[in-house]
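Taken in order, these protein sequences are the chains called S and A.
The C-terminal position of the first sequence is numbered 169 in the numbering used here, with every residue numbered one higher than the one before it.
The C-terminal position of the second sequence is numbered 810 in the numbering used here, with every residue numbered one higher than the one before it.
Cβ atoms here follow ideal geometry from the backbone N, Cα and C, with glycine treated the same way.
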Amino acid sequence: MDRNKPHILETARKQGLATPSAGLDVPDGYFDSFAARLTAQLPERPELEHPDDIEAESAPRTLWQTVRPYVYMAAMFAGVWLMLQLFTMLSGTGRLQPMDSNPVLAEALDNDAFLEQFVYDDIDSWDVVDEMVEDGSLDAGLDFFADEIPDDIVLPQ
Amino acid sequence: MDEKKEQIDNLTARLRDPATVRAAFGEMVAEYSRPLYWQIRRMVLNPDDADDLLQNTFMKAWNSLENFRGEAKLSTWLHKIAINEAISFLEKEKRRAGVSLDDPDGALAAGIAASPDLDGESLGAHLRQAVATLPDKQRLVFNMKYFDDMKYEEISEILGTTVGALKASYHLAVKKIEKYMERFDHGD
Chain S
13 MDRNKPHILE TARKQGLATP SAGLDVPDGY FDSFAARLTA QLPERPELEH
63 PDDIEAESAP RTLWQTVRPY VYMAAMFAGV WLMLQLFTML SGTGRLQPMD
113 SNPVLAEALD NDAFLEQFVY DDIDSWDVVD EMVEDGSLDA GLDFFADEIP
163 DDIVLPQ
Chain A
623 MDEKKEQIDN LTARLRDPAT VRAAFGEMVA EYSRPLYWQI RRMVLNPDDA
673 DDLLQNTFMK AWNSLENFRG EAKLSTWLHK IAINEAISFL EKEKRRAGVS
723 LDDPDGALAA GIAASPDLDG ESLGAHLRQA VATLPDKQRL VFNMKYFDDM
773 KYEEISEILG TTVGALKASY HLAVKKIEKY MERFDHGD
């Protein structure tokens, strides 16, 4: 570029081209109509325009308003607890009853066929031995299991 | 100048008063719509887009008026909103057109240069074409300095960039524009 030439941007400035709107245009009255159009569209902002009303609406809460949610929650838990109690009472599963006071169970245990089919079949003789060893009554039942004890097992004396 | 400052201070005070906020906002729109419009228009060129973005700018200002604490100048706050709107719009347009954001002299600049606003063989038309080839942020700095005659300190406050970086950016923009203009004979 020739150093003696003025900068092209300076030339443009001298020609009035360095202004915000140079070379651009808008319809007549655009800015006036824009301001009117925009202000008409502005939404309500009560927190800006009527803050006193909002403060009045958010006045200090009463004691009841403060504790109400907690009271409701406690009432709900109490209701659930009562329902569970009622359900337990009606279904009779609340407490284990002594066998003597359960006539159905007592009758079933007096029935040999029932014992054979539902009780003895589920008992493993080795479990019985284990229990007898633990509670020290093995000697008493030893003869009964003598045939089943392998020769290499040394029984406690 | 003092009278203008007093007027702006008064406007700022009335924007904080619930009884006058709406009327003051209307006055603010009337006061600033013109410079903000040209600022946006020089970035996006299309008058309809500029109109939409100017509306968005003032709507955002209205909806976040409580965030304006008066520490910054009213004009600085509004310019920040307007520039963010314009830059976001241009980035969206680039994504929509599938133009890489790293392509400063690419298809978008070509598209802008082809705008009907830029027709003609005058110095003004060629200058606008040259400016349209600049990357967005460099163009923004150039527009604010050259066309709006803003001080670097004010631009720095609006863009959050150091004065040194702005001077460098403006210098580069001037060099690019001068190089672009070399191809035309304007009797300079």
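Taking the alpha-carbon positions, what's the residue i to residue j distance?
{"i": "A/PHE690", "j": "A/THR698", "result": "11 Å"}
{"i": "A/LEU756", "j": "S/PRO58", "result": "44 Å"}
{"i": "A/PRO726", "j": "A/ALA754", "result": "Reliability fails at A/PRO726, whose pLDDT of 49 lies under 50, so the model's placement of it is uncertain and no value is given."}
{"i": "S/ALA120", "j": "S/LEU127", "result": "8 Å"}
{"i": "A/ALA795", "j": "A/LYS626", "result": "32 Å"}
{"i": "S/MET101", "j": "S/VAL145", "result": "41 Å"}
{"i": "A/GLY786", "j": "S/ASP40", "result": "40 Å"}
{"i": "A/PHE711", "j": "A/ALA683", "result": "17 Å"}
{"i": "S/ASP122", "j": "S/PHE99", "result": "32 Å"}
{"i": "S/GLU56", "j": "A/GLN629", "result": "26 Å"}
{"i": "A/LYS798", "j": "A/TYR768", "result": "14 Å"}
{"i": "A/MET665", "j": "A/PRO640", "result": "35 Å"}
{"i": "S/SER149", "j": "S/PRO115", "result": "31 Å"}
{"i": "A/ASN668", "j": "S/MET85", "result": "60 Å"}
{"i": "S/ALA125", "j": "S/VAL83", "result": "58 Å"}
{"i": "A/LYS759", "j": "A/ALA790", "result": "12 Å"}
{"i": "A/MET766", "j": "S/PHE43", "result": "21 Å"}
{"i": "S/TYR132", "j": "S/LEU117", "result": "16 Å"}
{"i": "A/ASP771", "j": "A/LEU700", "result": "17 Å"}
{"i": "S/ILE135", "j": "S/ASP147", "result": "18 Å"}
{"i": "A/GLU804", "j": "S/THR31", "result": "22 Å"}
{"i": "S/GLN53", "j": "A/ASP624", "result": "33 Å"}
{"i": "A/ASN685", "j": "A/GLU649", "result": "16 Å"}
{"i": "S/GLN27", "j": "A/PHE806", "result": "16 Å"}
{"i": "A/PHE764", "j": "S/LEU36", "result": "17 Å"}
{"i": "A/ALA672", "j": "S/PRO63", "result": "34 Å"}
{"i": "A/GLU775", "j": "A/ASP670", "result": "31 Å"}
{"i": "S/GLU143", "j": "S/SER103", "result": "34 Å"}
Let me know the secondary structure DSSP gives residue i once reduced to three states.
{"i": "A/LEU658", "result": "helix"}
{"i": "A/LEU667", "result": "coil"}
{"i": "A/ALA641", "result": "coil"}
{"i": "A/ASN765", "result": "helix"}
{"i": "A/PHE647", "result": "helix"}
{"i": "S/GLN77", "result": "helix"}
{"i": "S/PRO63", "result": "helix"}
{"i": "A/ARG718", "result": "helix"}
{"i": "S/GLY28", "result": "coil"}
{"i": "S/GLY91", "result": "helix"}
{"i": "S/ILE135", "result": "coil"}
{"i": "A/ASP674", "result": "helix"}
{"i": "A/GLY746", "result": "helix"}
{"i": "S/LEU54", "result": "coil"}
{"i": "S/PRO39", "result": "coil"}
{"i": "S/PHE126", "result": "helix"}
{"i": "A/MET772", "result": "coil"}
{"i": "S/GLY148", "result": "coil"}
{"i": "A/ALA787", "result": "helix"}
{"i": "A/LEU696", "result": "helix"}
{"i": "A/THR755", "result": "coil"}
{"i": "A/ALA635", "result": "helix"}
{"i": "A/GLU688", "result": "helix"}
{"i": "A/ASN706", "result": "helix"}
{"i": "S/ALA47", "result": "helix"}
{"i": "S/ALA34", "result": "coil"}
{"i": "S/HIS19", "result": "coil"}
{"i": "S/PRO115", "result": "helix"}
{"i": "A/PHE806", "result": "coil"}
What do you reckon, are the CB atoms on residue i and residue j nearer than 7 Å?
{"i": "S/ALA47", "j": "A/SER778", "result": "no"}
{"i": "S/GLU61", "j": "A/VAL643", "result": "yes"}
{"i": "S/ALA24", "j": "A/LEU749", "result": "yes"}
{"i": "A/ALA646", "j": "A/LEU658", "result": "no"}
{"i": "A/ALA719", "j": "A/LEU675", "result": "no"}
{"i": "A/LEU696", "j": "A/THR783", "result": "no"}
{"i": "A/TYR792", "j": "A/ALA752", "result": "no"}
{"i": "A/LYS714", "j": "A/ILE780", "result": "no"}
{"i": "S/SER33", "j": "A/TRP660", "result": "yes"}
{"i": "A/GLU688", "j": "S/ILE20", "result": "no"}
{"i": "S/LEU29", "j": "A/GLY746", "result": "yes"}
Residue i: buried (16+ other C-beta within 10 angstroms of its C-beta) or exposed?
{"i": "A/ARG663", "result": "buried"}
{"i": "A/ILE705", "result": "buried"}
{"i": "S/PHE89", "result": "exposed"}
{"i": "S/LEU75", "result": "exposed"}
{"i": "S/GLU22", "result": "exposed"}
{"i": "S/PHE130", "result": "exposed"}
{"i": "S/ALA87", "result": "exposed"}
{"i": "A/THR679", "result": "buried"}
{"i": "S/VAL79", "result": "exposed"}
{"i": "S/VAL141", "result": "buried"}
Check whether the Cβ of residue i sits closer than 6 Å to any heavy atom of the ligand MN, and report yes or no.
{"i": "S/ILE135", "result": "For the structure depicted, the ligand MN is absent and the ligand set is empty, with no information on it obtainable."}
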